[in-house]
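Chemist: Each residue of the sequence shown is one higher than the last, beginning at 12 in our numbering.
Beta carbons: idealized from backbone N, C-alpha and C, even for Gly.
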Amino acid sequence: MDHLTAARSASAGYNKGSFFPAAREEPLKGGRDEELNGEGDPWDVYADFNNAGPRYSSAFGAGQNQAAYTQIPPSSSLLQEEPDQGKVEMVTVPALGAEWGKEELHQVTKAGKRERKLETRKQFWKSWNRGERGLCGRYFTRKVLVWFLFGVCCAIGIVLAFTIPRVPSFAFNGGTPLVNATGSWAKAVPTIFAPAATNFSFPAFASLQADTNSNYLPLRFSHLRAQVFDLQTNRQVGSGDFSKFTLPAKAFPKILLPLNFTYIATNSSDQTYQNWHESCKNRGQFIDGKRPSLQFRLVLEMDIVGLPATHSTSTQVTDADCPVELPQNAS
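1) In three-state DSSP terms, what is residue 336?
2) Buried or exposed: residue 280, going by 16 or more other Cβ atoms within 10 Å of its Cβ?
3) Excluding five sequence neighbours on each side, which residues of the same chain lie with their C-beta closer than 8 Å to the C-beta of residue 270?
4) When you compare the CB of residue 227 with every CB in chain D, is at least one pair closer than 9 Å?
5) Using the DSSP secondary-structure output, state which residues sit across from residue 220 in a beta bridge.
6) Beta carbon of residue 278, beta carbon of residue 209: below 9 Å?
7) With three or more C-beta pairs closer than 8 Å as the rule, is the stretch 227 to 234 touching the stretch 311 to 321?
8) Where does residue 112 sit, in a helix, a strand or coil, going by DSSP?
9) What does the alpha-carbon distance come out to for the pair residue 133 and residue 164?
10) Indicate the three-state DSSP secondary structure (helix, strand or coil) for residue 312 in the structure shown.
11) Is it right to say residue 172 is buried, meaning 16 or more other beta carbons lie within 10 angstroms of its own, or is it exposed?
12) Do residue 304 and residue 262 have their beta-carbon atoms positioned less than 9 Å apart in this structure?
13) For the ligand FAD, I want to know if residue 167 counts as a neighbour, meaning its beta carbon is within less than 8 Å of at least one of the ligand's heavy atoms.
14) Report yes if the C-beta distance between residue 300 and residue 339 is below 9 Å; otherwise report no.
15) Does DSSP put residue 272 in a helix, in a strand, or in coil?
16) Quick one: is residue 120 buried, meaning 16 or more other Cβ sit within 10 Å of its Cβ, or exposed?
17) Just how far apart, CA to CA, sit residue 113 and residue 123?
18) Taking C-beta to C-beta, are residue 212 and residue 202 nearer than 9 Å?
19) Between the Cα of residue 307 and those of 298, 297, 321, 284, spot the shortest distance and give me the residue it belongs to.
20) Check the DSSP bridge columns for residue 214 and list the partner residues they point to.
21) Starting from residue 254, follow its DSSP beta bridges and name the residues at the other end.
22) In chain order, what residues of the same chain lie with their CB nearer than 8 Å to the CB of residue 3, ignoring the 5 residues before and after it?
23) Going by DSSP, what residues sit across from residue 189 in a beta bridge?
24) Measure the alpha-carbon distance for residue 255 versus residue 247 and round it to whole angstroms.
25) Between 272, 178, 150, 224, which has its C-alpha nearest residue 192's C-alpha?
26) Exposed or buried, residue 158, counting other C-beta atoms within 10 Å across all chains shown (16 or more means buried)?
27) In angstroms with no decimal places, state the Cα-to-Cα distance between residue 290 and residue 297.
28) Taking the beta strand (DSSP E) that residue 328 belongs to, which residues open and close that run?
29) Assuming residue 242 contacts residue 329 (C-beta within less than 8 Å), just tell me the rounded distance between them.
30) Since residue 169 sits in a beta bridge, which residues does DSSP pair it with?
31) Does the beta-carbon of residue 341 have 16 or more other beta-carbons within 10 angstroms, so that it is buried, or is it exposed?
32) So what's residue 204 in DSSP terms, helix, strand or just coil?
33) Could you give the first and the last residue of the continuous alpha helix (DSSP H) run that contains residue 285?
34) Take residue 266 and list the residues in its own chain whose beta-carbon comes closer than 7 Å to its own, dropping the five residues that flank it on each side.
35) Below 9 Å between beta carbons: does that hold for residue 170 and residue 318?
Printed below as a string of structure tokens:
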């Protein structure tokens, strides 16, 4: 069969005659070899383009005089299916398993959601601790937070250095540590020296001077309490309380602290009573007109606004003049 000159098959589409054979079965020109006898027409390079050369394929009507398209006869678009009169076989299909696995079912529960949130939170803090992200997106990373906290601590330290109150120091007036009471305080405590009952009481003011140079803001006191002890016997002989007052900053303000001197002895030979009774006698009872000096220790307890605890300080006086003077005829 000559595949080059044979008539085209009547069937359309792809078929066996539409493809080249695996190898040439015989020479194209009468079974002779042009290379052996060295004769023949010279090779024309344009033969494939001007239809002068041989035809190499008969696929799709190439090289044939007949039309390349063959009309297919019409057919019915619907296929008539023969009814199947056989019985329908019912096949038992095994039940399908759960669509979600055990792990997926656990994730949709509340416990699973909490675990996912906890894992997300752990991953977030782990990434933030590594410096891979910030608290607000890419902002406020760990490095920025450290510098921010350092700045906040410095600012707080500077503010506290100027605003925290400092405990002031107190000193007595060197000339007159104790002064006579005046005004309403002079009438608040009666002046009594009773040798028979061995007791005494009188009002006075402690002349103090405070040092507030270490404070940058005015110093507010809620209470300033005082206790007076005899320096020789260490017995308490007086007390006082001064509340709700303010001292200026960077100054040496003077304070008159009201004191109530009251003491009760068991007998007239009590050493504490004798010390204070002799110091408060009339000057006319002494040859040189000089009375013995009072010797006492003053303990101050301060409640300052802005400080959490009560602070105390003490000072002592060895040459104080008694603020009261008994009559000439007093025993």
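Modeler: Reading from the atomic positions:
1) coil
2) exposed
3) 189, 214, 215, 216, 217, 237, 239, 249, 250, 251
4) No chain D is part of this structure, which consists of one protein chain only.
5) 182, 265
6) yes
7) yes
8) coil
9) 28 Å
10) strand
11) exposed
12) no
13) This structure simply doesn't include the ligand FAD, nor any ligand for that matter.
14) no
15) strand
16) exposed
17) 11 Å
18) yes
19) 284
20) 271
21) 234
22) Nothing can be reported for residue 3, as the shown portion of the chain is limited to 12 through 342.
23) 217
24) 25 Å
25) 272
26) exposed
27) 11 Å
28) 322 to 331
29) 7 Å
30) Looking at the DSSP assignment, residue 169 forms no beta bridge with any residue, so it has no partner.
31) exposed
32) strand
33) 282 to 290
34) 219, 221
35) no
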